[in-house]
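From first to last, the protein sequence lines stand for chains R and U. Following my numbering, the numbering of the first sequence begins with 207 at its first residue and continues without gaps. Following my numbering, the numbering of the second sequence begins with 207 at its first residue and continues without gaps. The beta carbon of each residue, even a glycine, is placed where N, CA and C say it ideally should be. Every value quoted in this text rests on a predicted model; they were computed, and no experiment measured them. Comments concern the structure below.
Protein chains: 2
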Amino acid sequence: MRWALVGASTIAAQHMIGALRGAGQDLAAVVSTTPTRATDFARAHGIPVASAQLDRVLADPAIEAVYISSTNEKHHGQALAAIAAGKQVLCEKPLALTVSEAAEMVRAARQAGRVFATNHHLRCAGSHRAVRDLIRAGRIGRVLSLRLFHAVHLPPHLQGWRIDNPDAGGGVIPDITVHDADVARFLLGETPVSVVAQMAASGMGQGVEDSAMSVWTMPSGAMVLSHESFTHPFAGSGLEVHGDKGSIFARGVMTQQPVGEIELVTAQGRESVPYSPHNLYAQGISDFLSAVAGQGSPAATGEDGVASLAVALAVREAARTGQRQPVKVPA
Amino acid sequence: MRWALVGASTIAAQHMIGALRGAGQDLAAVVSTTPTRATDFARAHGIPVASAQLDRVLADPAIEAVYISSTNEKHHGQALAAIAAGKQVLCEKPLALTVSEAAEMVRAARQAGRVFATNHHLRCAGSHRAVRDLIRAGRIGRVLSLRLFHAVHLPPHLQGWRIDNPDAGGGVIPDITVHDADVARFLLGETPVSVVAQMAASGMGQGVEDSAMSVWTMPSGAMVLSHESFTHPFAGSGLEVHGDKGSIFARGVMTQQPVGEIELVTAQGRESVPYSPHNLYAQGISDFLSAVAGQGSPAATGEDGVASLAVALAVREAARTGQRQPVKVPA
């Protein structure tokens, strides 16, 4: 397919261009609201068209799909425009700044008969898929709890709007908690019903939180704790799933790279768990292309993006108010 | 000194009798409200006097100190009686079922000029002391967060009142969260100002919670997350302290044994941290005896017991109400 990139972003440059081209996709245009940024990006990546005019790019019928990785407040309008123009859409997380906007995007795509996917890369990791497989195979019995550790140090080149611009969707909760929400939903196959949380600005965030800790209750009764931060240089990342028959420890797996170790502990002892070392973004593109071809769903659907956003925004509201928040996912 | 044991408990049998005798202490009597239990316990442990009458034992002027390890609802009355009789008191946690009762015990001891200590054993672990030393020495810089993992599997012989009797102080929050509160206070040298929490009964608790997850905010701005459970057979235990210059990972250290591994991670790499392998309860007795001799404080004072109980009860109230709770520690 022929693609337009909407947003001249770091993630497009570092991950998605390679993943798209690796899947034989044709990158026809890049759109940025800053014209020089579009031009520089197009030149750097060998993309024929650079434009500040999304509508003009969308008017090209040869472009069948768009990948949206602009700042978060732009996703909603850009996605609706792309869907209206008949494109298939892969959108970065968080889908929007509000759940209702995100749900509107999903509805629009459904009505238009287009694939609309959320780029939650962690679902595409071999490590996460292996953990889910262990759970599904009953290796740890009934799931009692999940711990998500995603307190990292935001690299200097990403310390822009993420740490000081609430209007662009800055803050660690829309940036990282939304991923963790998706991980919990992916691994356990259920969406939290309620959350409590605290948040803080611990030296990096200016007007937005740079750290959050929260506790989620799942419909099954399983409990989830989650820690996200931009300010932790040496904490590493990971997740643990504990059941009544075993525990899974996955270390270093909350990352864009196919790395980390998984260990399963049961009454039979400790065992290392192998997993596929494929590129996460390539897997996401592969799943997206299959969905466009009518075979299966994307790794994370639009509905997944809506539900995971609903969890993250409930976390922020819980932290803001001090009150347990229900997670409300639009039908 | 000559001691009376108040409560014919598992912890007295498994840990405290050995620790007291190892420190040259004379165990003169054991008190249990169930006479046969007192008699059996005295015979099993070579204690001369078995009694169901606390007052009669306290009337013996040769008995200078008592160790209280009865069920939690009895601590308050027994401690007040012992203090009124002029004894030095080492009391199990939680000190009482309410913060005000616990504070009353501390006030009474202060007015009587007696040592009143809380048997928070984890403060006595070489591992915990080594972690605190690393923090105090600035090895991890400014503390950003603390994670406490204390989800274990309650052994069958302890699955009595702890899992079904709220009136006796059952439930994982008074049993284990109170320890974790004390660990956080010990390591960071500050007491949480507010908490949010969720709790659950996940198969063991009947009328009391068997699992809890909570998030605490410290006066410094550091954040703490804490997970306690009676139902996790393979989760292990541990704690992590993350700062802006390094992280400490201590695995297997939330236990009565002098075990576990500590790793320090900084820009210089990873290093294993050695610690003293002394018996935790022997250390607690040693510190208590020093305090009685007028040298220093017990490992955990009565005030520590009050503050750590205040945190735990705020956690339970937060979980019950869904609302962030301030931690109120009486002066």
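Residues of chain R with CB closer than 7 Å to the CB of residue i, please, in chain order.
i                : result
Val419 (chain U) : Strictly speaking, residue 419 (chain U) in this sequence is Met, with Val absent from that position. Those are Val421, Met429, Leu431, listed as they occur along chain R.
Val471 (chain U) : Phe440
Gly404 (chain U) : Per the sequence shown, the amino acid found at residue 404 (chain U) is Gln instead of Gly. Within 7 Å Cβ-Cβ: Val402, Val421, Thr423, Met429.
Would residue i and residue j be called neighbours here (beta carbons separated by less than 8 Å)?
i                : j                : result
Pro536 (chain R) : Val305 (chain R) : yes
Ile274 (chain R) : His281 (chain R) : yes
Ala271 (chain R) : Trp209 (chain R) : yes
Arg345 (chain R) : Gly452 (chain R) : yes
Val337 (chain U) : Val447 (chain U) : yes
Glu386 (chain U) : Ser432 (chain U) : Correcting the residue identity first, residue 386 (chain U) is Asp in this sequence and not Glu. For Asp386 (chain U) and Ser432 (chain U), yes; Cβs fall inside 8 Å.
Val421 (chain U) : Ser420 (chain R) : yes
Phe355 (chain R) : Gly409 (chain R) : no
Val255 (chain R) : Ala234 (chain R) : yes
Gly347 (chain U) : Gly449 (chain U) : yes
Ala518 (chain R) : Ile379 (chain R) : yes
Gln462 (chain R) : His221 (chain R) : yes
Leu340 (chain R) : Leu486 (chain R) : no
Ser351 (chain U) : Val459 (chain U) : no
Val237 (chain U) : Leu328 (chain U) : no
Pro529 (chain U) : Gln529 (chain R) : The sequence shown places Gln at residue 529 (chain U), rather than the Pro named in the question. Contact: yes.
Pro464 (chain R) : Gly332 (chain R) : yes
Ala488 (chain U) : Gly228 (chain U) : yes
Leu515 (chain U) : Pro362 (chain U) : no
Gly213 (chain U) : Ser257 (chain U) : no
Asp232 (chain R) : Met207 (chain R) : yes
Quick one: grab the DSSP three-state call for residue i.
i                : result
Pro532 (chain R) : strand
His359 (chain R) : strand
Glu310 (chain R) : helix
Ala323 (chain R) : strand
Ile269 (chain U) : coil
Asp232 (chain R) : strand
Thr245 (chain R) : helix
Gly344 (chain U) : coil
His438 (chain R) : coil
Met424 (chain R) : coil
His221 (chain U) : helix
Gly332 (chain R) : helix
Val401 (chain U) : strand
Gly452 (chain R) : strand
Val295 (chain R) : strand
Leu286 (chain U) : helix
Ile379 (chain R) : helix
Glu396 (chain R) : coil
His484 (chain U) : coil
Ile468 (chain R) : strand
Gly444 (chain R) : strand
Glu415 (chain U) : coil
Leu519 (chain R) : helix
Quick one: which chain R residues come within Cβ less than 9 Å of residue i?
i                : result
Leu495 (chain U) : By Cβ distance, chain R contributes nothing, its closest Cβ being about 39 Å from Leu495 (chain U), past 9 Å.
Using a C-beta to C-beta distance shorter than 8 Å, which residues of chain R count as neighbours of residue i?
i                : result
Arg353 (chain U) : Phe355, His433
Gln529 (chain U) : Gly528, Gln529, Arg530
Can you name the residues of chain U whose CB is closer than 7 Å to the CB of residue i?
i                : result
Ser443 (chain R) : Here the premise fails: no neighbours, minimum Cβ distance about 12 Å.
Using a Cβ cut-off of 9 Å, pull out every chain U residue sitting near residue i, in sequence order please.
i                : result
His281 (chain R) : Result: empty, since nearest Cβ-Cβ is about 29 Å, beyond 9 Å.
Gly452 (chain R) : Pro439, Phe440
Ser408 (chain R) : Arg348, Leu350, Ser351, Gly427, Ala428, Met429, Asp450
So, under 8 Å CB-CB, residue i and residue j are touching, yes? Tell me the CB distance rounded to an integer number of Å.
i                : j                : result
Asp510 (chain R) : Arg391 (chain R) : 7 Å
Leu393 (chain U) : His438 (chain U) : The pair is not a contact, with the Cβ atoms about 22 Å apart (cut-off 8 Å).
Gly466 (chain U) : Ala456 (chain U) : 6 Å
Ala520 (chain U) : Val533 (chain U) : 5 Å
Val295 (chain U) : Ala308 (chain U) : That belief does not hold up - the Cβ atoms of Val295 (chain U) and Ala308 (chain U) are roughly 12 Å apart, past 8 Å.
Glu415 (chain U) : Ala428 (chain U) : Not really, about 26 Å apart at Cβ, beyond 8 Å.
Leu360 (chain U) : Thr216 (chain U) : The Cβ separation is near 12 Å, so there is no contact.
Leu260 (chain R) : Ala287 (chain R) : 6 Å
Less than 7 Å separating the Cβ of residue i from some heavy atom of the ligand GDP?
i                : result
Leu340 (chain R) : You won't find the ligand GDP in this model; it holds no ligand whatsoever.
Any contact of the segment 395 to 409 of chain U with the segment 388 to 405 of chain R, i.e. 3+ C-beta pairs under 8 Å?
yes
Across the segment 300 to 314 of chain R and the segment 247 to 265 of chain R, are there enough close Cβ pairs to call them in contact, namely three or more that are closer than 8 Å?
no
Is it the case that the segment 478 to 493 of chain U contacts the segment 374 to 383 of chain U, given that we only count it when at least three CB pairs across the two stretches are under 8 Å?
no
Counting pairs of beta carbons, one from the segment 315 to 331 of chain U and one from the segment 499 to 513 of chain U, are three or more of them closer than 8 Å?
yes
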